[in-house]
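The listed protein sequences derive, respectively, from chains C and W. Numbering of the first sequence is given in the working numbering, commencing with residue 4 and proceeding in unit increments. Numbering of the second sequence is given in the working numbering, commencing with residue 6 and proceeding in unit increments. Where is the CB? At the ideal position from N, CA and C, for every residue including glycine. This one's a predicted model, so the numbers in the text were calculated from it and none came from an experiment. See below for the structure under consideration.
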Amino acid sequence: MNWMAFTPELTYVAMAAVFLGLSMAREDHRRDFHTALVFSAVGVGVSLASAGVTADLFAESYRVDLFSQVFKVLLACGFFLVVVLCNELSGVKRRLHPEFYLLLTTSTLALMLLVSSVHLLTIYVSLELSSYSLYVLVYLRKNRPRRESTVVHYFLIGASASAVMVFGIALLYGSTRTMYAVEMARVLPSVISQPAAAIGFVMTLAGFFFKLAVFPFHFWAPEVYEGAVNQLTTYIATASKAAAIALLVRLTALGDSSAALAQVLVVLSIVTMTVGNVSAIVQKDLKRLLAYSSVAHAGYVLIGILSMNPAGYAGAVFYSAALVTLKFTCFMVLVKVAADGANITVDELAGLHKRSPILALALMLSLFGLCGIPPTIGFIGKLLVFTAAVEKGYFTLVLIAMINVVISLYYYLLVLKAAYLTEPKAGLPPLPVSAGDRLLAGTLIVLIVGIGFYPDPVIQIARSAAAVLL
Amino acid sequence: MQPIVDPFPLSPWIPGPFSLIAYAFAVAVITAILLFVSSWLGEKKPNPEKLRPYESGVIPTGTARLRFPVPFYLVAIFFLIFDVEGAFIFAWAVSAESLGWTGFLEITFFIFVLIVGLFYVWKKGGLDWRPQRTRK
């Protein structure tokens, strides 16, 4: 067996083992933070180093290819950035910090296993591993009233989605007689017109609809975003979405000869983005607003996926990278403004441009990116996804998406208005922004604008990653 | 006795959305009719004897909402974990010879992981049974 191909995952296994040990040792939250920082940085390095490796592992149920490695690098970067934000993890009791990092690590490990899985059972097991870590993590928020109800709500929706998915897997297995994705790609076109196979296929996607907060499974998003620690919300909004997009692309590429499947996805996409955008307008809490904006973005990503052409898949891969960057920037500002780990409302951003100009600039660019205003990475993402859909003749769908983009502009600009134009009621002190924070914010600003101006290298990577699937 | 040679012993059936919808509709209608008719025509003469919860002939005492001590719940969870461990080890033991040393090493690793879990539970005071234990 080629162990080299498995090193990124092994790094995170080692990290989980270390934090399990630390959770039984003496309490020291600085040590925990620095250990997590070192390990997650090593994780980024290892996944970059193994980016070009290809291999088939574990009786061909686990495939390491460019597609999975691109997403592993994205996940490792997302995890590292979330750990960087954990400098003041004031939303979690100090004695529980090792457990927080432990579960975050297992969740990342599971997402990494997920993007490489090409067997329905490995896909299911890794999806559950990441979900279960997140259920417990959401509960770790301290001083939060009714957190039990949030977690139970999250768990019940997750469990229902899993049940639907397992049923779908059973139907799919029954009609194709295989669990391997490679084999399925060969058999599926001949049976996808049967109701059992088509319904089974859509139901199998339900697990990822849940992760991505697509319409029938999106009800957990606002509550969990609001109830989780800010750093964890960042993680849920970035890394876990990227992995869900990866798997949706990988699975949809199997059934891409089906017009019925595309129709189902069109309906889901329209309902998801409309529900997300319309609900986001009335939100006061910034995290709830971003939760509904995530739901809307899930709808946009689906447009790329349902186009079922190489451009659409590449667009979805690019879009996931853009989402990770933009959402992380938003949440970084949120974490820094809410230094005591509390939730903040949109109005509490008032006067941000005076309190910390660089954070306000980062927030502005990331919100512009989320609306899709050029020249940002978000504009390129939307452009790729929408052109792919138009190529396939989904003009009405793209028109509806454009109307949705205009709706979303309204609430993103409300946030910006609070940050730039509204004067705070009382004179608030400048935010303490360390040199590291400035560097991080600066890097993100450069990424958002730089890739917006010169997206070719990233588009090339996304294209070659998506080309592996076809 | 003649073996059944007919490859399709049941009536020929072609899967299609119409039969599924018709079936679902029939299920809904028949269920609704049965529920309605039984509640409409059924005799309703409640008395305290009939309304009492059925406890196999014993007259129930006290409230149904007992407050169980948390350790019971914890023990149930731990039992479940180690029970599953047992199930896995049985499955390995049946085919231990054919799995060879690779299988042995894998089951050893599995048991090791669970022992670490046991140690974690122990360290965090999950096995502490006294009612007023001091928090660690």
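By the neighbour-count criterion, in which a residue is buried when 16 or more other Cβ atoms sit within 10 angstroms of its Cβ, C/Leu292 is buried.
When DSSP states are grouped into helix, strand and coil, C/Ala58 belongs to the strand group. Taken through DSSP and simplified to helix, strand or coil, C/Asp288 comes out as strand. At a Cβ-Cβ threshold of 9 Å, C/Ala392 and C/Ser310 count as neighbours. For secondary structure counted as the beta strand (DSSP E) over 3 or more consecutive residues, the segment 154–204 of chain C holds no complete run. For C/Ser26, the nearest CB of chain W lies under 9 Å from its own CB, placing it at the interface with that chain.
Only buried fits C/Trp223, as 16 or more other CB atoms lie within 10 angstroms of its CB. In terms of Cβ geometry, C/Val320 and C/Asp68 do not form a close pair [threshold 9 Å]. Look at the segment 20–53 of chain C: the residues with a C-beta under 9 Å from a C-beta of chain W are Ala20, Leu23, Gly24, Ser26, Met27. Proximity of C/Pro198 to chain W, defined by a Cβ-Cβ separation below 9 Å, is satisfied.
Taking the C-beta atoms as reference points, C/Val232 is found no nearer than 9 Å to C/His156. Contact between C/Gly94 and C/Gly384 does not hold, since their C-beta atoms are separated by about 30 Å, which reaches or exceeds 8 Å. Under the Cβ distance rule, W/Tyr78 does not count among the residues neighbouring chain C, no pair being separated by less than 9 Å. Closest in C-alpha terms to C/Pro198, from the list C/Gly171, C/Lys75, C/Ala54, comes C/Gly171. DSSP places C/Val86 within a helical segment (H, G or I) once states are collapsed to three. Under a criterion of Cβ atoms nearer than 7 Å, the residues of chain C adjacent to W/Lys128 are, in order, Met27. Under the three-state reduction of DSSP, C/Ser120 is assigned to strand. Boundaries for C/Val349: no beta strand (DSSP E) harbours it, and the DSSP string shows neither H nor E there.
Here DSSP, grouped into helix, strand and coil, assigns C/Val67 to strand. By the beta-carbon neighbour count (other beta carbons within 10 angstroms, threshold 16), C/Phe61 is exposed.
Here W/Val89 is exposed: its Cβ has fewer than 16 other Cβ atoms, across all protein chains shown, within 10 Å. Counted as a single uninterrupted DSSP element, the alpha helix (DSSP H) harbouring W/Phe115 occupies residues 101–128. At a cut-off of 9 Å between beta-carbon atoms, W/Leu25 makes contact with chain C. In terms of Cβ geometry, C/Ala164 and C/Phe212 form a close pair [threshold 9 Å].
Among the residues of chain C, those whose CB is under 9 Å from the CB of W/Tyr125 are Leu23, Ser26, Met27, following chain order. The beta carbon of W/Gly21 sits closer than 9 Å to some beta carbon of chain C. Leaving aside the five residues that flank W/Lys55 on each side, none in its chain has a CB nearer than 7 Å to its CB. Within the segment 96–121 of chain W, those residues whose Cβ lies closer than 7 Å to any Cβ of chain C are, in chain order, Val121. Apart from the 5 residues on each side of it in sequence, C/Leu51 sits with its Cβ closer than 7 Å to the Cβ of Val76 in its chain, given in chain order. Take the alpha-carbon of C/Leu362 and the one of C/Val154: they are about 31 Å apart.
Here DSSP, grouped into helix, strand and coil, assigns C/Val95 to strand. Boundaries cannot be given for C/Asp343, as no alpha helix (DSSP H) includes it and DSSP labels it neither H nor E. Under the DSSP definition of a beta bridge, C/Arg144 partners with C/Val95.
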